[in-house]
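With my numbering as the guide, the letters of the sequence shown map in order to residues 6 to 432. For reference, the structure discussed in these notes is given below.
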Amino acid sequence: MASETSSAEMPSIQVLEKEHYFSQAIVPIPSTGPPLPLAAPSSVRLRTKVLALTANNFTYAKLGFLFHWWDIHPLPAAIPPPYADDTKYGRLSAWGWAEVLESTHASVPTGSLLWGYQPIGTLTQDLAVRDCDVAGHVVVTSEHRQKAMPIYNRYFTATGAAADALRREIEDRADGPAYDAVVRIMFETAYLLNRYCLGSPGTPPSAAPGSAPWTPEQASIRGATVIVLAPGSKVGLCFARELRHMRKEGERPTRIIGAASGRSTSFVEATGLYDAVVSATGSPVEILAGLGVAKEEKIVLVDFGGRADAGPRWALALQPMYDKFLMLGVGVEVSEVSQADLLAGLQAGVTPQQTFVNANDVRDQAMKLQGADKYFEELQRAWDLLRKEGLKGLELRWGTGMQDVRRGWDELATGKLKPEEGLAFVI
Ligand SMILES: NC(=O)c1ccc[n+]([C@@H]2O[C@H](COP(=O)([O-])OP(=O)(O)OC[C@H]3O[C@@H](n4cnc5c(N)ncnc54)[C@H](OP(=O)(O)O)[C@@H]3O)[C@@H](O)[C@H]2O)c1
């Protein structure tokens with residue numbers, strides 16, 4: 006797919022070919038006349054300001070046809086040929102901040118910033134919103150968004166002085182807003198896994214469709230050996246930090262092992278978050294024997310998208326050897342796979358048995374368990390601490406404008422991004 010240069014005056018969006026999402030076009034969108042004032046009640050006009058690209062964006066591309074991710078930000082009516090074909094082309098989203106350019110919704114005045122799931126591009130969008138169960142949050146009510154999981158329709162607002170402070174941080178290219186874009190949703194996923202899936206205080210949430218069910222006994226990781234695949238991923242790092250530093254004495258696993266690719270080993274070691282860092286391509290049985298893990302010990306394998314089918318390989322090797330074995334599937338490998346091949350793989354059956362976990366479902370259950378207010382209050386406190394402390398060794402790299410976004414996407418698709426880097430963009 007050809008990549009085009011956007012003209013300076015026109016807004017531009019990233020367009021992907023749904024079956025070949027490693028390649029992209031940055032497409033200028035011609036104006037259809039002067040913008041109309043925002044007339045609908047309870048609505049906001051948004052323009053993405055800060056966004057991040059990580060392996061997670063490629064999950065949206067790979068599994069987008071299954072989870073409505075291509076439908077969240079549809080192609081605009083004014084898109085030029087050949088892209089005006091939503092069976093072939095589509096847009097994806099990224100986590101970050103959007104500016105409120107206009108508003109008819111009282112709790113989100115013009116000039117506010119909204120954190121959440123944003124379209125990749127500088128074209129504005131109008132959304133209908135409502136206040137919800139938590140002060141400072143709004144939920145999208147626009148018809149075309151209602152098939153999306155709730156996590157994609159909830160936005161956190163920064164208004165007044167908070168918005169001004171954030172805007173200054175963005176102008177200064179400070180680490181804070183880059184963390185918000187690159188790490189925040191990964192942190193929440195890890196927080197949910199640690200606090201609501203794996204033992205105290207929660208019981209394991211019901212397993213996602215197609216998953217092996219799990220019991221509270223399986224989900225208790227006290228005394229377990231936890232093995233993390235893609236241990237240098239943002240979500241993997243946050244997860245290891247949660248296990249190591251955010252659990253009570255007596256509730257921690259015996260050891261946390263990072264099974265890394267050769268590319269990320271030294272970065273993962275330098276974070277100091279893992280008790281041992283081993284090669285993801287080595288023999289799992291020999292590695293665990295070498296670390297002195299006894300056969301009767303409990304093993305919890307958490308796959309955040311290890312390369313070259315590391316997840317199935319480790320699980321198939323360890324499952325027969327350890328009676329107490331649990332595999333959690335959280336991420337998928339960065340690769341370009343057609344929908345037909347993906348479906349054929351799924352129909353052939355998921356091997357090995359694993360329990361899939363997604364942040365949306367666990368967040369919903371955590372909100373029910375604790376109440377939305379309390380859940381988000383505690384999450385915010387934990388996030389503020391991480392945002393202040395940072396993740397050791399993680400280098401956030403700012404880019405500016407859609408051409409830098411294009412370069413970032415290419416770096417991820419071609420595997421050229423350094424494992425220690427996180428990409429944030431001001432557009
Ligand atoms: N289920 C959920 O609700 C949920 C929520 C959040 C995230 N996730 C998933 O968790 C996974 C990790 O997300 P993330 O944003 O934290 O990822 P990330 O920081 O970009 O890290 C990705 C990791 O994947 C491996 N990798 C494999 N191919 C790569 C490539 N071409 N470029 C870069 N890294 C590659 C690397 O580990 P090695 O070098 O060690 O292989 C790298 O450390 C994604 O699949 C994401 O969708 C799922």
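Heads up, the beta-carbon is just placed ideally off N, CA and C, and yes, glycines get one too. Note that the structure is a prediction, hence the values are computed from the model and not measured.
For residue i, the three-state DSSP class (helix, strand or coil)
i: Glu148; result: helix
i: Lys54; result: strand
i: Val20; result: strand
i: Val337; result: coil
i: Pro114; result: coil
i: Ile125; result: coil
i: Ile432; result: coil
i: Tyr327; result: coil
i: Pro182; result: helix
i: Glu14; result: coil
i: Arg257; result: coil
i: Tyr94; result: strand
i: Arg268; result: coil
i: Glu174; result: helix
i: Ser8; result: With a pLDDT of 44 at Ser8, under the threshold of 50, the modelled position of this residue cannot be trusted, and the question is left open.
i: Trp100; result: strand
i: Val49; result: strand
Whole-angstrom C-beta distance between residue j and residue i, which should lie under 8 Å
i: Pro85; j: Val32; result: 7 Å
i: Pro210; j: Thr230; result: About 23 Å separates the two Cβ atoms, so there is no contact after all.
i: Leu323; j: Val290; result: 7 Å
i: Ala235; j: Gly336; result: 6 Å
i: Tyr160; j: Leu97; result: Their Cβ separation, rounded to whole angstroms, is 18 Å, which puts Tyr160 and Leu97 out of contact at 8 Å.
i: Pro16; j: Gly126; result: 7 Å
i: Ile261; j: Leu296; result: Contact doesn't hold; Cβ gap of about 11 Å is too wide.
i: Val139; j: Asp378; result: 6 Å
i: Ala183; j: Trp403; result: 6 Å
i: Ala66; j: Tyr26; result: 4 Å
i: Tyr88; j: Lys23; result: Not quite, the Cβ-Cβ distance comes to about 12 Å (not below 8 Å), so this is no contact.
i: Lys54; j: Ala103; result: 6 Å
Residue i CB to nearest heavy atom of ligand 1 below 8 Å
i: Arg96; result: no
i: Glu341; result: no
i: Pro155; result: no
i: Phe70; result: no
i: Arg268; result: yes
i: Ala364; result: yes
i: Thr276; result: no
i: Leu3; result: The structure shown does not extend to residue 3, since the chain is modelled only from 6 through 432, so no value can be given for it.
i: Pro35; result: no
i: Met372; result: no
i: Pro317; result: no
i: Phe309; result: yes
i: Ile175; result: no
i: Ile77; result: no
Residue from the options with nearest C-alpha to residue i
i: Leu392; options: Met191, Thr129, Ala153, Arg318; result: Reading the sequence as shown, one finds Arg at residue 392 and not Leu. The residue with the shortest Cα to Cα distance from Arg392 is Met191.
i: Val240; options: Ala60, Met15, Ile432; result: Ala60
i: Ala111; options: Glu274, Phe72, Ser47; result: Ser47
i: Tyr327; options: Leu347, Leu293, Ser343; result: Leu293
i: Glu193; options: Leu203, Ala429, Asn365, Ala265; result: Asn365
i: Trp74; options: Asp138, Leu128, Tyr157; result: Tyr157
i: Arg249; options: Ser266, Arg227, Val339, Ser269; result: Arg227
i: Ala99; options: Ser117, Arg189, Asp169, Thr37; result: Arg189
i: Gln223; options: Lys303, Thr92, Glu382; result: Lys303
i: Gly311; options: Val283, Ala299, Ala133, Val144; result: Val283
i: Gly267; options: Gly237, Ser343, Val105; result: Gly237
i: Tyr279; options: Gly38, Glu174, Lys397; result: Lys397
i: Val233; options: Leu331, Lys421, Val144, Ala345; result: Leu331
i: Gly387; options: Ala170, Arg200, His142; result: Reading off the sequence shown, one finds Ala at residue 387, where the question assumed Gly. Closest option to Ala387, Cα to Cα, is Arg200.
i: Arg318; options: Ala299, Ala264, Gln344, Val273; result: Ala264
Buried or exposed (CB count within 10 angstroms, at least 16 for buried), residue i
i: Asp308; result: buried
i: Leu390; result: exposed
i: Asp185; result: buried
i: Glu176; result: exposed
i: Ala45; result: exposed
i: Ala7; result: Bear in mind that a pLDDT of 47 at Ala7, under 50, signals an unreliable position, so the number given afterwards is only what the model happens to contain. So Ala7 counts as exposed.
i: Ser225; result: buried
i: Thr10; result: Here the model assigns Thr10 a pLDDT of 42, short of 50, so the residue's position is not dependable, and the following value carries that caveat. So Thr10 counts as exposed.
i: Ser108; result: buried
i: Pro81; result: buried
i: Val69; result: The question names Val, yet the displayed sequence has Gly at residue 69. Under this definition Gly69 is a buried residue.
i: Arg50; result: buried
i: Gly180; result: Before going on, a small fix: residue 180 reads as Asp here, not Gly. Its Cβ being crowded by 16 or more others within 10 Å, Asp180 is buried.
i: Gly395; result: exposed
i: Lys373; result: exposed
i: Gln359; result: buried
i: Ser4; result: The requested residue 4 does not occur in the structure, where the chain is confined to residues 6 to 432.
i: Leu171; result: buried
i: Gly287; result: exposed
Minimum Cβ-Cβ distance from residue i to chain C less than 9 Å
i: Leu306; result: No chain C is part of this structure, which consists of one protein chain only.
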